[in-house]
Every structure is written in C-alpha cells, then in structure tokens.
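A.B. asks: Please read through the structure below; I'll follow up with questions.
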Amino acid sequence: MPTQMDGLKNILVNAFLQMYQHYQADDIYACCLTLDEFLLVEDLVLSTEKSIFSDQEDRTQYLAEKDRWNVQKWRYRSTNSSEHGLKQFRHILLAYFQSQHSFGNPLLNNHDLNQSNHLDLILNHVKAAIDTLEQVHHLDLNRIVFFLSAPTQDDIEIHSAKKLNKDSLLLRHFLFNKNHKNAKQSDARSKLSQTDKDMLVDLGQIVEIEPYDYLQVAHQAYLLTLEPYFIDTNPYIQKLVHHIAAMAFEVDGSCALSKDEILQRLQQFHHAGHNNPVDVPI
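Take a look at the structure:
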C-alpha cells in the first residue's frame, strides 16, 4: 500500500499533463480537483480564458463571466478508464483509509478529525504534483489557480486555494469571489421558513428512531422528497434530504451517513437560523 500511495502524485501529474497539453494554447487560468460528499476524488476540471463568452460566433466561448469560478459550469474534464487515472487515485485512497480503521468507513467515525486528515492528505499529494510539474516538467503555473471542490462545502475551495497557490492578483480575485458567494449563501441559509423548520424536525425525528438503521432512514427521507411542500424548502435542506435518501443505494453501508453525522448537519442549520431558531431534536 505505501508504494501505491507514493504513486498518487504521479497519477495527478499525468492527468494534468494530458489536459494541459490539450488546452495550453487556450490560456488555462484555473484547475480544480473535484471531490464527492465523502471527499473521495471524482474528476480533474479546468477552465480557460478562451472559454469566457465574448463572441456569439465563437462556439468555444461558452462560459459567462459570472461563472468564471463556478466549477459545475466548466466543460473540460479528465477522462479515465476503470484501471487508470483518477478512478485509480480514488480506489487507492479509499483502500488506504479503510486499512487504517477496523470498523466501517473512517470518514464517518470521528468525522471532523478524519475529514480534516483526509483533506490534508489529498492536499499534500496535489501540492507535490504541482511541485513536480514546475520543477521536473518545467511548466509555468503561476497564472493558474489550483483548488479543491466538494458539494455543500464551499470553505474547502477557499482553504485549498490558499494552501496550493502563491499570492497573486488572480488568487485574490478567486478568494474575493468565493468569500462574496459564501456570504450570500450564509444569508440565504439563515432565513428559514416554517416549512424549513418542519422539514428539519421531521428529519430529526426519523434519525432518532432506535435502533438506527441507515436503510430505514434513507427510505423515510425519500418519502419526504415526495411531499408537495418539499420543493418549497430551503435548497440546502433539499440537498441534505437527497443525500440521506441516496444512502439506500449503498451496497454495504460503508459510506452511509451515521446518526451523529446527520444530527450534526441538522444542528448546523439550527445555528445558521439563529434569528429564527429551529427546533431540532438532538
């Protein structure tokens, strides 16, 4: 396993080089390693100045200026087989973390600590890959912002960008954009309607049923998505409900959210809505 772990840097280097060689002439300004809810690697995505829309006749210009840092809108993504590339990175890292713990998925036990350790490990490999690209392959990467992205965890983008990049005007532009976006989202999350409060209470009651059964909780969460008022709830709460419902597709439950993890997320909404307290059973 140590040998495989040592190879993670090279997987990232090769994935980036393949894309860099293809899009270098288009002036790459950003590169993002996307992660899933459990901080497992999904894809390598980049964007170019040539992609920014300014000429309706140019089909390569598809990206609005307001979406310059919106990874979900970027089109240029790495392609991987099941045995190579970033899928291999994902499998090696997951196997490594599972080998460090005797019971279940380490990302669901002592969540805050393990998530931090997991993120630091990925950041270390990404930083090592960037150093190799600059020192061994002699690439000038000073005009590219590197960062990580994970759903519903916007702070990871800011944290990773600060860790992976030297100070520059482009980095400052990125950080300003993300901090402004997070402030707006925080305001939106703090304004919880009565429907939002009711949904959080329903979720809390479902999770509190003993003994905790992730499949039963997932089924009950799915039923909540069928309620006519679900579409009117806060979009961040909708994401959480969908995430819980998706646990029904877990083969062995190793990546399913624990009871404490769900309650912790409910409590976050409680704190965010301090001006309109939410009665969440904890």
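If you count the sequence shown from 1, position 36 lands on 36 in UniProt numbering, and the numbers rise without skipping.
Every residue gets a Cβ at the ideal spot worked out from N, C-alpha and C, and that includes glycine.
What are the start and end residues of the beta strand (DSSP E) that includes residue 29?
C.D. replies: It spans 28-35 - the beta strand (DSSP E) in which residue 29 sits, taken as one unbroken run.
A.B. asks: Output needed for residue 240: all residues of its chain with C-beta closer than 7 Å, excluding positions within five of it in sequence on either side, in chain order.
C.D. replies: The answer, listed in chain order, is 265.
A.B. asks: How about the stretch 37-46 and the stretch 57-70: do they share at least three Cβ pairs that are nearer than 8 Å?
C.D. replies: They do not touch, by the three-pair rule.
A.B. asks: If you compare alpha carbons, which of 247, 191 and 263 is closest to residue 38?
C.D. replies: Closest by alpha carbon: 247.
A.B. asks: Which class does residue 110 belong to by DSSP, given the choice of helix, strand or coil?
C.D. replies: With a pLDDT of only 44 at residue 110, under the threshold of 50, the placement of this residue in the model should not be trusted; the figure read from the coordinates follows. In this structure, residue 110 counts as coil in the three-state DSSP scheme.
A.B. asks: Determine the direct distance from the alpha carbon of residue 50 to that of residue 59, and round the result to whole angstroms.
C.D. replies: Roughly 10 Å between the two C-alpha positions.
A.B. asks: Leaving out the 5 sequence neighbours to the left and right, which residues in its chain are closer than 6 Å to residue 135 when beta-carbon positions are compared?
C.D. replies: There are no such residues.
A.B. asks: In the DSSP assignment, find the alpha helix (DSSP H) that holds residue 337 and state where it starts and stops.
C.D. replies: The structure shown does not extend to residue 337, since the chain is modelled only from 1 through 282, so no value can be given for it.
A.B. asks: Indicate the three-state DSSP secondary structure (helix, strand or coil) for residue 258 in the structure shown.
C.D. replies: Residue state, collapsed to three classes: coil.
A.B. asks: Hey, quick one: how far does the beta strand (DSSP E) through residue 226 stretch, first residue to last?
C.D. replies: Run containing residue 226: none; DSSP gives neither H nor E here.
A.B. asks: Along the chain, where does the alpha helix (DSSP H) that runs through residue 99 open and close?
C.D. replies: From DSSP, the alpha helix (DSSP H) with residue 99 extends over 85-99.
A.B. asks: Assign residue 196 to buried or exposed, taking buried as 16 or more other Cβ atoms, counted over all protein chains shown, within 10 Å of its Cβ.
C.D. replies: Classification for residue 196: buried.
A.B. asks: Classify residue 168: buried if its beta carbon has 16 or more other beta carbons within 10 angstroms, exposed otherwise.
C.D. replies: Per the 10 Å Cβ criterion, exposed.
A.B. asks: Run the CB neighbour count on residue 164, radius 10 Å, all protein chains shown included, and call it buried at 16 or more, exposed below.
C.D. replies: Buried.
A.B. asks: I'd like to know whether the C-beta atoms of residue 151 and residue 67 end up nearer to each other than 9 Å.
C.D. replies: Contact: no.
A.B. asks: Look at the alpha carbon of residue 33 and the alpha carbon of residue 148, and state the distance between them as a whole number of angstroms.
C.D. replies: Going from the Cα of residue 33 to the Cα of residue 148 covers about 5 Å.
A.B. asks: According to the Cβ coordinates, are residue 226 and residue 199 closer than 9 Å?
C.D. replies: In this structure, residue 199 does not lie closer than 9 Å to residue 226 by Cβ.
A.B. asks: To the nearest angstrom, how far is the alpha carbon of residue 263 from that of residue 231?
C.D. replies: Their Cα atoms are separated by approximately 22 Å.
A.B. asks: Can residue 154 and residue 181 be called in contact, C-beta distance under 9 Å?
C.D. replies: Yes, the Cβ-Cβ distance between residue 154 and residue 181 is below 9 Å.
A.B. asks: Whole angstroms are fine: how far does the CA of residue 54 sit from the CA of residue 127?
C.D. replies: Looking at the two C-alpha atoms, the distance is approximately 33 Å.
A.B. asks: Can you list, in chain order, the residues of its chain whose CB lies under 8 Å from that of residue 166, leaving out five sequence neighbours each side?
C.D. replies: Counting only Cβ-Cβ distances below 8 Å, and skipping sequence neighbours, we find 142.
A.B. asks: Between which residues of its own chain and residue 156 is the CB-CB distance below 6 Å, once the five residues before and five after are set aside?
C.D. replies: Within the same chain, residue 156 has close Cβ partners 148 and 150.
A.B. asks: Please report how far the alpha carbon of residue 243 lies from the alpha carbon of residue 138, in whole angstroms.
C.D. replies: Distance between the alpha carbons of residue 243 and residue 138: 42 Å.
A.B. asks: Would you grab the beta carbon distance between residue 192 and residue 234 for me? Rounded to a whole angstrom, and I think it's under 8 Å.
C.D. replies: About 6 Å; that satisfies the 8 Å criterion.
A.B. asks: Can you look up residue 23 in the DSSP assignment and give me helix, strand or coil?
C.D. replies: Correct three-state label for residue 23: helix.
A.B. asks: What separation, rounded to the nearest whole angstrom, lies between the Cα atoms of residue 267 and residue 90?
C.D. replies: If I take the Cα positions, the gap works out to 30 Å.
A.B. asks: Looking at residue 69: is its Cβ nearer than 9 Å to the Cβ of residue 179?
C.D. replies: No; because the gap between Cβ atoms is not below 9 Å, this pair is not in contact.
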